[in-house]
Amino acid sequence: MPISQDRDTVTGSPLVSQAATLAGVLIGIALSTYLQLEPGKAMALAVTCLLMAWIVVEGTPAVRRAWAARERRDETPAVFWQRIGTKLAGLAALLGAVVIACSVFPFFTQSSAVQWFIESGHTTVIISIVLAAATILYVVATDLVAEEPDDYLNQVGRAVLMQDFRGEDVFFALRLLAIKCFFLVLMFSAGMAALSDFADKPAWAYPPLSAAWFEGLMRLALLLDVVLAAGGYIATFKLFGWHVRATETTALGWLVCLICYEPFFSTISHAFVPYGDGPGWETVIREGSAVFILWSVATLFCSAVYVWATIAFGPRFSNLTHRGIITSGPYRFLKHPAYVAKNISWWLFAAPSFIASGLTEGLARAGMLAIVSLIYIMRARAEERMLSRDSAYLDYAESVAAHGLLAMAKRRLASRPAA
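The sequence shown begins at 210 in my numbering and counts up by one.
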């Protein structure tokens, strides 16, 4: 059956998309490292390579399909260009709100991403002019192929021009702006720091299977994740089908998501759940031993699954939004593979330290980490509630329940003969 915007799963070859995503991010990181760029330029190059890979593999075919399927509208050129002007007015207002936010709130003004952008402003004038021209062309092309051109951007423009507008679309735009602005600055800043660490302490600079070697690979996994995430927050292009269909609207959904990120998580974790404050795990497991290697490989494997989940999202990665139902990669087996893998890796990394802390302190710190895991459970439930408004997600959830990892394990146990 044809897929509409109301029932939206991701089409195309998942394997090709994931391969392009991995290739794009690795090429970007390799180029930025080889060129020895400073962190801001390195991050910008890595994200650009990632976006180009997505556009070539997914974006271009999507535009071709949209252009071939477009319907001729019975409207005059004057009406068309008036709507384009209204959309550009709305876009300018949203960009103005971003500038104000990045100039006022300390989270943005003190971030390395915003500071780098301001400091490199004299070199970005030409780029800004090119992007402005490309933005106008993009708005025109998107309007031409859209099934319904009267979108939220048009409604924001109407509100700015003091015309009648739909309030729900304007609030949607503001929620989307808050999500993109907050997380893009967060991920770009994290990527700058991760690229700097990766360049200073690469995994291959240490003996294989040593603690420093494993830590280097963990840093690489973090770097891949934040570059992929930053690219996802930029790539919300409706022309390519990567746009946001819906956003989280409940206070609980926003709370359990934002509490997992800076600056909120560090403040809360230090004050209430400092589960990481204790002896290192090397006090329990000797470096180089078989247990150390197996434990480290298991932790690294969980991190790899987490990155794989981000790769499976491709250009649709985002928090607090619905941008299409992902059914490939690790999402074939679990509804929340990233959260499961992340939490297991935390427990694996922290458990030896809990043991070294003694019974009372160890149990207290384990309880604190359990609170963090509970937050992620609540976060997963909130996401399910939001996505369940789409019937495609309900079908996906039923498929995972019937054929996913837990279902396979239950069938395997049920098929074993009784002792």
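Here a beta-carbon is modelled for each residue, glycine too, at the ideal position from N, C-alpha and C.
Next item on the list: Can you tell me which of the three DSSP states I327 falls into?
Entry: I327 falls in the helix class under three-state DSSP.
Notebook entry, point to check: So C258 is in the alpha helix (DSSP H); what residue range does that whole segment cover?
Noted result: Segment P248 to W263, the alpha helix (DSSP H) holding C258.
Next item on the list: State yes or no: is the C-beta of A302 within less than 7 Å of the C-beta of V256?
Entry: A distance of 7 Å or more separates the beta carbons of A302 and V256.
Notebook entry, point to check: If you drop the 5 nearest sequence neighbours on each side, which residues of the same chain put their C-beta closer than 8 Å to that of V349?
Noted result: Closer than 8 Å at Cβ, skipping near neighbours: I293.
Margin query: So, does the region 410 to 429 touch the region 373 to 386, judging by three or more C-beta pairs under 8 Å?
Written below: The answer is no - the region 373 to 386 does not touch the region 410 to 429, with fewer than three Cβ pairs under 8 Å.
Margin query: As an exercise, report each continuous beta strand (DSSP E) stretch of at least 3 residues that is fully enclosed by the region 494 to 558, in chain order.
Written below: Note on the region 494 to 558: there is no whole beta strand (DSSP E) run with a minimum of 3 residues.
Next item on the list: Give me the Cβ distance between R588 and C469, rounded to the nearest whole Å; I'm assuming they're in contact under 8 Å.
Entry: Here R588 really is in contact with C469; their C-beta atoms are around 7 Å apart, less than 8 Å.
Next item on the list: Can you give me the start and stop residues for the alpha helix (DSSP H) that Y415 sits inside?
Entry: Run containing Y415: none; DSSP gives neither H nor E here.
Notebook entry, point to check: Between the C-alpha atoms of V394 and A403, what's the straight-line distance to the nearest angstrom?
Noted result: If you take the alpha carbons of V394 and A403, they lie about 14 Å apart.
Margin query: According to DSSP, simplified to helix, strand and coil, what is T492?
Written below: T492 sits in a helix when the DSSP states are folded into three classes.
Margin query: Let's test the definition: count the other Cβ atoms within 10 Å of the Cβ of S398 and tell me whether it reaches 16, buried, or not, exposed.
Written below: Its Cβ being crowded by 16 or more others within 10 Å, S398 is buried.
Check: Thinking C-alpha only, which one of F563, G268 and G489 is nearest F449?
Finding: Of the residues F563, G268 and G489, the one whose Cα lies closest to the Cα of F449 is G268.
Margin query: Taking DSSP's pairing of strands, which residues face T631 in a bridge?
Written below: Summary: the structure shown does not reach residue 631, with the chain confined to residues 210 through 628, and so no result is reported for it.
Check: Is the region 618 to 627 touching the region 543 to 551 in the sense that three or more CB pairs, one from each, lie closer than 8 Å?
Finding: Segment contact: the region 543 to 551 against the region 618 to 627, fewer than three CB-CB distances shorter than 8 Å; contact not assigned.
Next item on the list: State yes or no: is the C-beta of V436 nearer than 6 Å to some heavy atom of the ligand HEM?
Entry: The model depicted lacks the ligand HEM and carries no ligand whatsoever.
Check: Smallest Cα separation from A575: which of F563, A439, S320 and V436?
Finding: Nearest C-alpha to A575: F563.
Margin query: For a test of the three-state rule: what should DSSP assign to C469, helix, strand or coil?
Written below: When DSSP states are grouped into helix, strand and coil, C469 belongs to the coil group.
Next item on the list: Round the Cβ separation of L437 and I520 to the nearest angstrom and send it over; I've been treating them as touching at under 8 Å.
Entry: Contact flag correct, Cβ pair sits at about 7 Å.
Notebook entry, point to check: Taking DSSP as the reference, what is the three-state secondary structure of K619?
Noted result: Note: K619 maps to helix in three-state DSSP.
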